[in-house]
Structures are given as structure tokens and as C-alpha cells.
Amino acid sequence: MSVAEAAAPGRDFIRDIVQADLDAGRYETVVTRFPPEPNGYLHIGHAKSICLNFGVAEEFGGRCHLRFDDTNPTKEEQEYIDAIERDVRWLGFDWGKHLYHASDYFEQLYQWAEDLIRDGKAYVDDQSQHDMRANRGTLTEPGRNSPFRDRTAEENLDLFRRMRAGEFPNGARVLRAKIDMGSGNINLRDPVLYRILHATHPRTGSTWSIYPSYDYAHGQSDAIEGITHSICTLEFEDHRPLYDWFLDNIKVPSHPHQYEFARLNLTYTILSKRVLTQLVRDGYVSGWDDPRMPTLAGLRRRGVPPEALREFVRRIGVAKANSVVDIGMFEHAVREVLNKTAQRRMAVLRPLKIVIENYPEGQTEELDAVNHPDDPTAGTRKIRFGRELYVERDDFMENPPKKFFRLSPGKEVRLRYAYFVTCREVVKNAAGEVVELRCTYDPATRGGNAPDGRKVQATLHWVSAKDSGPAEIRLYNSLFLSPSPDPTNFAADLNPNSLEVLTDARLEPALAVLGNSPEPVQFERQGYFCPDQDSKPGKLVFNRTVGLRDTWAKVSGATVSGANVSGAKGA
RNA sequence: UGGGGAAUAGUUCAACGGUAGAACAGCGGACUCUGACUCCGUUAAUCUAGGUUCGAAUCCUAGUUCCCCAGCCA
68 MSVAEAAAPG RDFIRDIVQA DLDAGRYETV VTRFPPEPNG YLHIGHAKSI CLNFGVAEEF
128 GGRCHLRFDD TNPTKEEQEY IDAIERDVRW LGFDWGKHLY HASDYFEQLY QWAEDLIRDG
188 KAYVDDQSQH DMRANRGTLT EPGRNSPFRD RTAEENLDLF RRMRAGEFPN GARVLRAKID
248 MGSGNINLRD PVLYRILHAT HPRTGSTWSI YPSYDYAHGQ SDAIEGITHS ICTLEFEDHR
308 PLYDWFLDNI KVPSHPHQYE FARLNLTYTI LSKRVLTQLV RDGYVSGWDD PRMPTLAGLR
368 RRGVPPEALR EFVRRIGVAK ANSVVDIGMF EHAVREVLNK TAQRRMAVLR PLKIVIENYP
428 EGQTEELDAV NHPDDPTAGT RKIRFGRELY VERDDFMENP PKKFFRLSPG KEVRLRYAYF
488 VTCREVVKNA AGEVVELRCT YDPATRGGNA PDGRKVQATL HWVSAKDSGP AEIRLYNSLF
548 LSPSPDPTNF AADLNPNSLE VLTDARLEPA LAVLGNSPEP VQFERQGYFC PDQDSKPGKL
608 VFNRTVGLRD TWAKVSGATV SGANVSGAKG A
């Protein structure tokens, strides 16, 4: 083993298992699969699974299939199928020609079910749903056998074929495996293999009136595709004996193995398809791609780069312990990528007008600004300075606390790339609100440095009043107030300030070219932003992907509505 | 009183009988034309009790706590 290999051992228990299997020669090629049900959009939790499955395949020279687990036509839609493919690609993974559907195997699955019947290992049950539940027993009491459990193979076959033929209404009968009604594992108490569903399937249309259950379809689909490592989440752990039972009792072409890992949970976030669907359906958000949603579509629209998602997933690791990851860890990954890639621009979110009294009326001049402080190849751009400017309202305080470095009466600060200015006078309206600042500038400080070497405590971003353009800026905060929102009562926990729309922001002209391109950009001292698809010529809309780390907010104890903030303060 | 899992810094993950380590968060400092970035330093953990062993986070025993399972959802 090389030093490099020794220094980078299998990073998690799944990769350890795969490595061991390969070392032992149990498989030639690793084959994994990502098996979404197309009943909703993919979210950041799925990203963990996608990165795991595709990542393992990639790292060990194998392949990963994308397989739609489309066994329930009452919940699945083509829109979701399309969205899932789009999102997996966007995340950066490629299934090549290995695109499959459980529905591709319906006929084979059906034939195997007949085999089970002929072997006396499956039977048609006429019990009502109510009776079935009653006879299933409880967690502590065994179930009771169905009165239909001992039908002959012939009778079962006849009934099952008539189920397929559509002779019975929904719910009239089911096909069940004959395993053990007394098992402590409820999944083994004669699980349902097929139920009658007169529904139109996105792919098979109305050719079927019975559909296989997840348990019956999943393992056999894995076996058909030659999956070696079938990786799923913890809640399927006690399905594994059933997964194996099918593979042991059916003549399948291979016997994959199921391994379970802990799904992702995030603070201030709900990752439940049920809840996410409800947020969309009930209009709490604008859609599956609302930038506040933890969906891949939402994160994409918000401006999160796929690399950041992958890096985040890599860092949180894979284990079997239930856990909740601090959303701050995700934000850190986003900032890390964007800091390297996003060009810098100046934008004033909440404008406060300032007039440079000693700057000649009507005069303007161009100054150089760098596009990326750590990347000279990003070049520079010209920005126009003039007598009337806008600065950020938050950058002025009439009665500042001692640690406030920014503008206040009598205080000198630097306007980035431009001049030192000093606040001379505060203009207020009748209501006593500050509406304008009268300032002076020092012509000797052109470019941002004083020849006499004097320093200022702060550098502010600014835009020219005349030469800046208007924009709408959407600030996002967490959708929920609680660090651990309750999925069963999420509505009460909704953050009223999850979306804040700023309609009179001012952008430096160089931002106009960004227009509808999805390029991320850093508004200096504010955060990372990206143009939203709602942008129109003449009306730019920007989404805040994530704010910059803000030490001042912490020092000043400023209230942050809802929070971009994360991590509870230690007591 | 059934079955299946999991317990390591505040959080997430390592350590696979041999010095408990990383990332995020926190704190302190340096740097700075972004209170950003970067850099340096630093606080902080093996669920409990026994046992085996020269040596235990790791093995054994007994507990404790938490999670999942009673869909014709996945």
C-alpha cells in the first residue's frame, strides 16, 4: 500500500465493506443504485444518498444505476421523473445508459409471484384492510393467520390472475407472502406483495391493475440489475430479513446485499416529502424551486453551487447513528466555494443618499475596482464616482456605540476604491428619520489611500446615485423558527421573515450584464447573490444565496430575523 | 412485556487492543481598501458500572438513554 493510500483509508463503514468485498474477490465490479420514488422533488437529504451511491461506484471503478421506484401510480408523476433526472445531473452525476424503472420489471416480478404461489409461499388474501390490521397483532403480540392462508396453489393462481385481469375492485384482495404471523419482526408477518390499484401509471399506463409493494419489488429489481451493494436508510434495517427472504425464495440472477446508513437531518430544516409537498400544495412557498426550500431545485435557484453540496456531503460523513447536522456547516461549504468563484461587485441593499459637498457639481470620474481579490485573472472594472452616492443605511449611526467603525457624524471612512469621506451633517425628514448625509471628501485620497498615511477604521461599499441601476433583492432566512422543527406541526413554526424583499436596492452598472446569467456574485460586505429567473430586462432580481460571516452582528448583538445564523450561543 | 439499530468535544465524523484526532461552531490574536477571506493560538468528548488485558473508545457482562417498526407508502 502506498503512503497516499495509507493516509486515506475507507472513509466510512460502507466504503470499508465495499473495499473488503473487493479484496475478498466477492465481486469484480461494484454496482450501486440510487432508487428515488418519483412522488416529489429531490432534496438535500437525497443529495447525501446520491453522493454516496454514485461516489462509491466512481471511487471503486464500478457503476451506479438511476432507478425509479415507480410502484405506486397513485402518487407518482412524470413531472417528478423529469425533475429528478435534471437534479441528479445538476448535482454532477451521470448514470450513462443505466436508467431503469421498477416498472420495467413488472412482468418478471409477476411471474416470480406466480412461482411463489406454486411453491406454496404466497397466497391471495380476501380479508378487509381492517381485518388484516386486526390480525397482524401488535408490537408485543403475535398476529393470527388469515382464514385464507391455506388456499390451494390452484385457487391462489386463479385468483391472482383475475386480480391482474382487473376483475376485482381496489382493495378487494392482496397477494401475501406466507412467512410467519408470529414473527417479532412485523415485516415478516405475511407481507403484502401485490395490491389492486386501478390507476394510470406514468410509464405503463393502464396495462396493470395490480402493483407490487416496495418490499417485493426492490430487492428483485436490485437482483435483476446485478446490484452488489444496495444502500438505503436506517428505517429499512428491519426490512432486510424480508429483502433476503425474497432473494432466497425466488430464482433471481444474483443476491445483492442491503446496507443501511443514517439519513441526513439539518437544523432549522424539515426533510420530509410529505411536509415539502404540503408546503408547495398549500402555497406556503412559491413552488418546489422556491429558494427557501431544501430541494435541489430550490438550492439551485438560490445559487448554491453543486460543488458546495458535494463538499458538504463529503464532510458530514456516513454512519449509522441518527444525527442532526448544524445548517451552519452547509452554509460554510457554500461560502467556501463561492468565495473562490464569485466575482465581487458593489450593491447597496438599503440605500441612504450622501452628498459630497466639496465635490464639483456635475463632475464624475472613473475608478478601478478589482473583480476578485484572490484572482488577478478576473481583471478589473471601472466604477463611476460622483457628487451624489448611496451607501448602506446600516453603515451609518447617528449615536454609535464605541465599537462601531462605520459612518457617524464627524467620522471619516473610506469608500471602497474611491476616497476618504467625512460625515458633516445629518439631514432628517419631518418624522425625524435620517434621509441624507452631507459629507466632504479628501481629494488626496483618490483610489483609497491617504498620502499622509492616516488610517480609517472602515471601508464602505457604495454606488453612484446617477450611474447605478435599481434592482429587487430577495433575502432568505430559514423557513422555520425552531432549530428542530416538528414535522407534525410545521405550520405553527413557519418563520414570518423567511423571505424579505428589498425593492429599491441599487447596483453598480457592471451588474446589469449579469442579467439572466446564473453567475454567482459577491456583493461586497453583504453576501453571495445570484440573478433570479424572475429577472427581466430593466428589472433585475437577485437572490441572496448566503450572507457573509458577520462578526459585527455578533458583537453588536443585532437581532437577526429568523437566521441565517446557526449554532446556539454557548451559555 | 416483541423485533431491529445507535451511543466519542456544543455539532458531524475519525481512531478497527497501543499517544483520543479532524471539520464546523466558540473563544483569543495577526493580517486586511470587504467587521469577509487567510493565518496563528485555544476551550472542549469516549453513556454508566463491573470484568478481561501490561494496556480498552475498541473485547466480555449487566444496565441506562435515544431512534425505527403494527400502510394494500417508500
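Residue numbers (this note's numbering): 68 to 638. The beta carbon of each residue, even a glycine, is placed where N, CA and C say it ideally should be.
Close beta carbons around residue i, own chain, < 8 Å, minus the five adjacent residues each side
| i | result |
| --- | --- |
| R483 | M413, A436, G515, T526, L527, H528, W529 and E591 |
| Y147 | P105, N106, G107 and Y108 |
| F596 | G370, A414, I540, P587, V588, Q589, F590, F609, N610, R611 and T612 |
| D46 | No answer is possible for residue 46: the residues shown for the chain start at 68 and end at 638. |
| L301 | E327, F328, A329, R330, K387 and N389 |
| H132 | V98, T99, R100, F101, W162, H165, L166, Y167, E292 and I294 |
| S549 | Y335 and D560 |
| A124 | V97, V98, T99, R130 and C131 |
| P585 | G370, C597 and P598 |
| R382 | M396 and A400 |
| E378 | A400, E403 and V404 |
Assigned secondary structure, residue i (DSSP; H/G/I helix, E/B strand, else coil)
| i | result |
| --- | --- |
| R82 | helix |
| I337 | coil |
| G317 | Reading the sequence as shown, one finds Ile at residue 317 and not Gly. Note: I317 maps to coil in three-state DSSP. |
| Y351 | coil |
| G286 | helix |
| I246 | coil |
| W157 | helix |
| K470 | coil |
| K603 | strand |
| L405 | helix |
| A74 | Bear in mind that a pLDDT of 36 at A74, under 50, signals an unreliable position, so the number given afterwards is only what the model happens to contain. Helix at A74. |
| Q589 | strand |
| V97 | coil |
| F235 | coil |
| P639 | The displayed coordinates of the chain run from 68 to 638. Any statement about residue 639 would go beyond what the structure contains. |
| S276 | coil |
| V458 | strand |
| S116 | helix |
| G453 | strand |
| R359 | coil |
| P418 | strand |
| H268 | strand |
Whole-angstrom C-beta distance between residue j and residue i, which should lie under 8 Å
| i | j | result |
| --- | --- | --- |
| Y190 | R231 | That belief does not hold up - the Cβ atoms of Y190 and R231 are roughly 15 Å apart, past 8 Å. |
| Y181 | F227 | Going by the sequence as given, residue 181 is Glu instead of Tyr. Confirmed, Cβ separation roughly 7 Å. |
| R130 | V98 | 6 Å |
| R417 | E459 | 6 Å |
| A290 | H322 | 7 Å |
| L119 | V391 | 18 Å between Cβ atoms; not a contact. |
| V493 | V480 | That belief does not hold up - the Cβ atoms of V493 and V480 are roughly 15 Å apart, past 8 Å. |
Identity of the residues DSSP links to residue i by a beta bridge
| i | result |
| --- | --- |
| A608 | Per the sequence shown, residue 608 should be read as Val rather than Ala. BP columns for V608 point to E539. |
| Q325 | S297 |
| R481 | F487 and T526 |
| L346 | None; L346 has no bridge partner. |
| F596 | V588 and R611 |
| H168 | F135 |
| D192 | V241 |
| S213 | Its beta-bridge partners do not exist; DSSP assigns none. |
| Y430 | Tyr is not the amino acid found at residue 430; the sequence shown has Gln there. Note: Q430 sits in no beta bridge, so no partner. |
| L569 | I540 |
Spatial neighbours of residue i in its chain, beta-carbon cut-off 6 Å, leaving aside the 5 residues before and after
| i | result |
| --- | --- |
| S273 | T267 |
| N212 | M248 |
| S69 | Reliability fails at S69, whose pLDDT of 32 lies under 50, so the model's placement of it is uncertain and the value that follows must be treated cautiously. Correct list: empty, nothing qualifies. |
| I394 | L333, T334, Y335 and S633 |
| H141 | Sequence inspection shows Thr at residue 141; the His mentioned does not correspond to that position. So the list reads A266, once near-sequence residues are dropped. |
| V568 | R541 |
| I277 | M230, R231, Y261 and I263 |
| A635 | Below a pLDDT of 50, predicted positions are generally treated as unreliable, and A635, at 32, falls in that range; the measurement from the model is reported next regardless. The answer is none, since no qualifying residue turns up. |
7 Å CB neighbourhood of residue i in its chain, flanking five on each side removed
| i | result |
| --- | --- |
| E374 | V404 |
| G446 | N438 |
| P467 | S475 |
| W275 | F173 and H268 |
Residue i Cβ short of 7 Å to the ligand ADP heavy atom set
| i | result |
| --- | --- |
| R521 | The ligand ADP is not among the ligands present in this structure, which contains no ligands whatsoever. |
* **Contact the region 286-305 vs the region 79-97: 3+ CB pairs below 8 Å** => Touching, yes.
* Asked: If you pair each beta-carbon of the region 595-607 with each one of the region 560-568, do three or more pairs fall below 8 Å?
  -> As far as the Cβ criterion goes, the region 595-607 does not touch the region 560-568, which means the pair count is below three.
* Give a yes or no on contact between the region 146-156 and the region 99-115, applying the rule of three or more CB pairs nearer than 8 Å. => Judged by Cβ distances under 8 Å, the region 146-156 makes contact with the region 99-115, as three or more pairs qualify.
* Asked: Between the region 610-620 and the region 532-546, do three or more beta carbon pairs fall short of 8 Å?
  -> Touching, yes.
* Asked: Are three or more beta carbon pairs between the region 419-434 and the region 501-513 nearer than 8 Å?
  -> Yes: at least three Cβ pairs fall under 8 Å.
* Asked: Do the region 428-435 and the region 449-466 meet, that is, are 3 or more Cβ pairs less than 8 Å apart?
  -> The region 428-435 vs the region 449-466: in contact.
* Asked: Taking contact to mean at least 3 C-beta pairs separated by less than 8 Å, is the region 252-270 in contact with the region 137-144?
  -> Three or more Cβ pairs drawn from the region 252-270 and the region 137-144 lie within less than 8 Å of each other, which places the two stretches in contact.
* How about the region 236-251 and the region 196-213: do they share at least three Cβ pairs that are nearer than 8 Å? -> Three or more beta-carbon pairs separated by less than 8 Å link the region 236-251 to the region 196-213, which places the two stretches in contact.
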